[in-house]
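What follows is a short report on a single structure.
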Amino acid sequence: YGFAHGNLRPSSILLDRRGVVHLTNFGTELDAEKPDFNLYDNRRFGEFVWFAPEHLQKVHLYASGKPEAAREILTDTRLDIYAVGMLFYYLLTGEVPFSASAFLQPGQIATATLHFPAQLPASVRDVVTRCLAADPRQRFQSVAALRQALPTPTADFDDLALAASLLATG
Numbered sequence: 067y068g069f070a071h072g073n074l075r076p077s078s079i080l081l082d083r084r085g086v087v088h089l090t091n092f093g094t095e096l097d098a099e100k101p102d103f104n105l106y107d108n109r110r111f112g113e114f115v116w117f118a119p120e121h122l123q124k125v126h127l128y129a130s131g132k133p134e135a136a137r138e139i140l141t142d143t144r145l146d147i148y149a150v151g152m153l154f155y156y157l158l159t160g161e162v163p164f165s166a167s168a169f170l171q172p173g174q175i176a177t178a179t180l181h182f183p184a185q186l187p188a189s190v191r192d193v194v195t196r197c198l199a200a201d202p203r204q205r206f207q208s209v210a211a212l213r214q215a216l217p218t219p220t221a222d223f224d225d226l227a228l229a230a231s232l233l234a235t236g
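What follows is the structure, encoded as structure tokens:
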């Protein structure tokens with residue numbers, strides 16, 4: 067479709083009765099350029115967990131009164147690829163890979179260690195790890211490339227996916 071959602075997180079994804087996925091929250095991206103923007107607003111704090119490091123850097127620059135520098139940071143669909151990696155990780159482990167406070171220092175994300183379930187196939191770990199690369203140049207460069215890299219499900223993987231789904235939904 068050629069555009070970035072920019073704010074993917076669990077509450078942005080709905081599943082209908084037929085199993086069709088729908089995305090919501092288009093047009094609700096964080097508007098750090100507004101004069102009343104508060105980086106530490108607790109109502110928005112949880113959203114930062116899902117933001118790619120370059121998105122966080124942009125938010126920090128806007129919040130510190132440097133809009134020109136913020137505009138120089140290119141953002142594109144790789145924001146969404148990062149968010150998909152976050153969602154995959156969350157579904158597979160029941161946790162987000164980085165603490166909410168990591169948004170205060172995006173550099174923490176680049177040095178964090180990901181912990182996957184031992185039974186998770188290496189091919190799945192590799193895809194999720196690449197999605198979560200701190201440097202967008204090291205992520206999949208398109209959704210098509212990500213889709214092509216996804217491993218073919220196996221019986222073991224299907225069981226793990228079901229377990230992750232049950233864990234995520236309680």
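Under this note's numbering, the letters of the sequence shown match residues 67 to 236, in that order.
Glycine included, C-beta positions come from ideal geometry on N, C-alpha and C.
Note that this is a predicted model, so its numbers are computed, not measured.
- Under the criterion of beta carbons closer than 8 Å, residue 205 and residue 148 qualify as touching, at roughly 6 Å.
- Residue 130 and residue 140 have their alpha carbons spaced roughly 18 Å apart.
- DSSP links residue 87 through a beta bridge to 81.
- Judged by DSSP in its simplified three-state form, residue 129 adopts helix.
- In terms of CA proximity to residue 153, 197 leads the group 213, 91 and 197.
- For residue 195, the secondary structure class from DSSP, reduced to helix, strand or coil, is helix.
- Residue 114 and residue 138 have their alpha carbons spaced roughly 20 Å apart.
- If you draw a 10 Å sphere on the C-beta of residue 71, you find 16 or more other C-beta atoms in it, and that means buried.
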